[in-house]
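Everything below concerns the one structure shown next.
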Amino acid sequence: MGAELRRNALVAVLISFLVTLVYLAIRFEWRFGVAAVVATAHDIFTTLAFLAMMRLEISLTVVAAILTVIGYSLNDTIIIFDRVRENLKKQRKESLYDVMNRSINETLPRSILTHVTTLVATLALLFFAGEVIRPFSWIMAFGIFTGTFSSIYV
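Its first residue numbered 116, the sequence shown is counted upward by one per residue in the working numbering.
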């Protein structure tokens, strides 16, 4: 991969982190923004490790898959944070731990159904699409798995 493409990919990821942090700081609290950035960084680093382990070449398709995983993971994280915010208003006497646990449990069925549906479609691409789309499919499948994990646990 060319140095310019690598630099542009890094700039795109850093800009997405910054925009996410600002958005979540405005919409929720700065702590939620930091947590979302940490969870997203987890997704990126584990996906890059998977990329290296599978010896996949970094191309524009792979960068597109990584950016898609970032958006997908952030969307799920924001849905959980929104439920936490709603439950914090409703359940003022509960501890933060209990509110977060309740919020994750309330959004868990939605998260699992969404991720499994997307994973099935991605696996279909992986097995039935051509060689050109295969790296995209690998990254998406792995990214959906790690994104689900980080949205719920990180």
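Just so it is clear, CB atoms sit at the ideal spot from N, CA and C, and this is done for glycine as well.
Distance between residue j and residue i (C-alpha atoms, nearest Å)
i	j	result
L238	A256	7 Å
S226	T233	11 Å
A140	T261	24 Å
D191	R198	11 Å
M61	R207	Given that the chain is displayed from residue 116 to residue 269, the structure contains no residue 61 and the question cannot be resolved.
V178	L223	28 Å
R200	H157	23 Å
N123	V247	22 Å
L120	V153	24 Å
T161	S265	10 Å
Exposed unless 16 or more other CB atoms sit within 10 angstroms - verdict on residue i
i	result
Y212	exposed
A118	exposed
F196	buried
A151	buried
I130	exposed
L166	buried
First and last residue of the uninterrupted alpha helix (DSSP H) at residue i
i	result
R198	L175 to K205
I248	Counting along the chain, I248 falls outside any alpha helix (DSSP H), and DSSP gives it neither H nor E.
F147	W145 to M168
V128	A118 to R142
Inter-residue CB distance, residue i and residue j (contact presumed, cutoff 8 Å)
i	j	result
L228	V214	Actually they are not in contact, since the Cβ atoms of L228 and V214 sit about 23 Å apart, beyond 8 Å.
T176	F242	17 Å between Cβ atoms; not a contact.
T155	I185	6 Å
L182	T135	Not quite, the Cβ-Cβ distance comes to about 12 Å (not below 8 Å), so this is no contact.
L159	V128	Note that residue 159 corresponds to Ile in the displayed sequence, not to Leu. The pair is a contact, with the Cβ atoms about 7 Å apart (cut-off 8 Å).
V267	Y187	Checking the sequence shown, residue 267 turns out to be Ile, not Val. With 8 Å as the limit, I267 and Y187 do not qualify as a contact, their Cβ atoms being about 14 Å apart.
A164	I254	At roughly 12 Å, the Cβ-Cβ gap does not stay under 8 Å, so A164 and I254 are not in contact.
Any non-hydrogen atom of the ligand GTP within 7 Å of residue i CB
i	result
G186	This structure lacks the ligand GTP, and indeed carries no ligand of any kind.
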